[in-house]
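Numbering (my numbering), first residue to last: -5 to 458.
Where is the CB? At the ideal position from N, CA and C, for every residue including glycine.
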């Protein structure tokens, strides 16, 4: 601090001495008559040099303060072009086909829904007819199998043909239902007859067994009496043998009759089970066929929807009001491929926006909502100015550009869709080339001026 104070005192003393010397200078006219050495020493200093020096010092000070406190905008420049809001509408063929009619030419103005081009609907129409026929058949299968299942479940026979079915087809389905039910009834009737026969055999065997059950005890008593007589020697031996043989035969017949009863009842139960199984199997088959028919109907319905959509797409219409451009088909009868671009429709009276390609080195500083200045190549900005706008959107992934490499696509919303040129208002058109300066922030001027020096210092004393 003492050193600074010393220099300050020296400066003040020098200024004071300079002022004192200025007061002691002789007039300039008188100095002209002095010797050369005294003339130089005694002539007053020119005020012009002093003023210029002070002006330069003040200007230098102002420049330093301006670089320290002044700020400039930091912008990211990106090339692009103007496009309609919502983009140009591309008209494509939904599938391969033959051109049947062309209703527009390049430059035609069209309204939304207006026909542009027709494709031959023959093949698509045939596919739609086949899909509808298959759907109708699936619906008939559903109605028929539902009627059979209801009839076998005891809910009665109720066949309801699908809407639009012709009387002949409905009658055929009813006859088919009757034939299937008749076949099931015939099988059940055959089993029922067999069961009746088995029950009849069992009933006859039961009667035989009952009769023999009464006969055998009688023979047992007769045989016991004959044995007592034979023991006394009064009974003939032949008669005794006949009674024993008859008794054995009657007892054997009774056992056979009892076995026939068991066999007949078992056969009857078996046939009853078969009747029940036949009905259940027929019902399960009808329900299974019903489920398959319902699934098939869903599939056929989707095919009809798809074919109907393709049939509607055979006429291409304008998606918006606009102007036809880039018409690529001119021959009736010509073949077009699926998804091939046929023409474009530029929306009319729509707002414009700028679609730009931001470089990788700039995208990290660009944000949605930032201010932007759009400079049109057709209208030099130094003469006609720029169009203000704001960043509307930025893509999340980069795309490959053959000239710029990997870039990010962004859209700039314009505050107006016209520019004043030579005392007239010119409406902007899609396709105009533009360069957009996006204001990403501000920077001190001194920082901008010193950045090359900072870069050199940061890279100094390095060895590769």
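- Between the beta-carbon of residue 129 and the beta-carbon of residue 295, is there less than 8 angstroms? Against a cut-off of 8 angstroms, the Cβ pair of residue 295 and residue 129 comes out as a contact.
- Item | the region 320 to 337 in contact with the region 105 to 122 per 3-pair CB rule at 8 angstroms | Touching, yes, given that three or more Cβ pairs across the two stretches are closer than 8 angstroms.
- How should residue 90 be labelled, buried or exposed, when 16 other C-beta atoms within 10 angstroms of its C-beta is the threshold for buried? With fewer than 16 Cβ atoms within 10 Å of its Cβ, residue 90 is classed as exposed.
- Query: Looking only at its own chain, which residues have a Cβ that is under 7 angstroms from the Cβ of residue 434, when we skip the five neighbours before and after it?
  - Reply: Excluding residues within five positions, the ones whose Cβ falls inside 7 angstroms are 68, 69, 70, 359, 360, 364.
- Task: Only counting runs of 3 or more residues, tell me where the beta strand (DSSP E) segments fall wholly within the region 42 to 82, in order along the chain.
- Result: As far as the region 42 to 82 is concerned, its whole beta strand (DSSP E) runs of at least 3 residues are 65 to 78.
- Extent of the continuous alpha helix (DSSP H) to which residue 139 belongs: For residue 139, the enclosing alpha helix (DSSP H) has its first and last residue at 116 to 146.
- Message: The alpha helix (DSSP H) that contains residue 355, what's its start and end?
- Response: For residue 355, the enclosing alpha helix (DSSP H) covers residues 354 to 357.
- Spatial neighbours of residue 136 in its chain, beta-carbon cut-off 7 angstroms, leaving aside the 5 residues before and after: Within its own chain, the residues whose Cβ lies closer than 7 angstroms to the Cβ of residue 136, once the five positions on either side in sequence are excluded, are 284, 287, 288, 291, listed in chain order.
- Message: At a cut-off of 7 angstroms, would you count residue 424 as near the ligand FAD, judging by its Cβ distance to the nearest heavy atom?
- Response: No copy of the ligand FAD appears in this structure; indeed no ligand is present at all.
- Query: Based on the DSSP output, what are the partners of residue 335 in its beta bridges?
  - Reply: Beta-bridge pairing by DSSP links residue 335 to 86.
- Query: Going by the CB atoms, is the gap between residue 426 and residue 372 shorter than 8 angstroms?
  - Reply: With contacts defined as CB atoms closer than 8 angstroms, residue 372 and residue 426 qualify as a contacting pair.
- Query: Where do the N-terminal and C-terminal ends of the alpha helix (DSSP H) with residue 378 fall, by residue?
  - Reply: Here the alpha helix (DSSP H) through residue 378 covers 375 to 378.
- Message: With a threshold of 8 angstroms on Cβ separation, who are the neighbours of residue 139 within its own chain once the five nearest residues in sequence on each side are excluded?
- Response: So the qualifying residues of the chain are 280, 281, 283, 284, 287.
- For residue 369, write down the residues that DSSP places opposite it in a beta bridge. Under DSSP, the beta-bridge partners assigned to residue 369 are 429.
- When the Cα atoms are used, what is the spatial distance from residue 79 to residue 374? For residue 79 and residue 374, the distance between alpha carbons rounds to 24 angstroms.
- Message: Taking 8 angstroms as the limit between beta carbons, can you name the residues of its chain near residue 186, skipping five residues before and five after?
- Response: If we look at residue 186 and ignore the five residues flanking it on each side, its Cβ neighbours are 265, 269.
- Query: Below 8 angstroms between beta carbons: does that hold for residue 104 and residue 340?
  - Reply: The Cβ atoms of residue 104 and residue 340 lie no closer than 8 angstroms to each other.
- Task: Report yes if the C-beta distance between residue 83 and residue 314 is below 8 angstroms; otherwise report no.
- Result: Yes, Cβ-Cβ distance for residue 83 and residue 314 is below 8 angstroms.
- Task: Consider the Cβ of residue 302: report whether some Cβ of chain D lies at a distance smaller than 8 angstroms.
- Result: Checking the listed chains, one finds no chain D in this structure; it contains a single protein chain.
- Query: Just curious, the beta strand (DSSP E) that residue 394 is in, first and last residue?
  - Reply: It spans 393 to 395 - the beta strand (DSSP E) in which residue 394 sits, taken as one unbroken run.
- Message: Spatial neighbours of residue 349 within its chain, please: C-beta separation below 6 angstroms, excluding the five flanking residues on both sides.
- Response: Closer than 6 angstroms at Cβ, skipping near neighbours: 74, 77, 405.
- Task: Compute the distance between the beta-carbons of residue 369 and residue 431, then report whether it is under 8 angstroms.
- Result: Residue 431 is positioned such that its CB atom lies closer than 8 angstroms to that of residue 369.
- Which term fits residue 306, buried or exposed, when burial requires 16 or more other beta carbons within 10 angstroms of its beta carbon? Residue burial is scored here from C-beta neighbours: residue 306 has fewer than 16 other C-beta atoms within 10 angstroms and is therefore classed as exposed.
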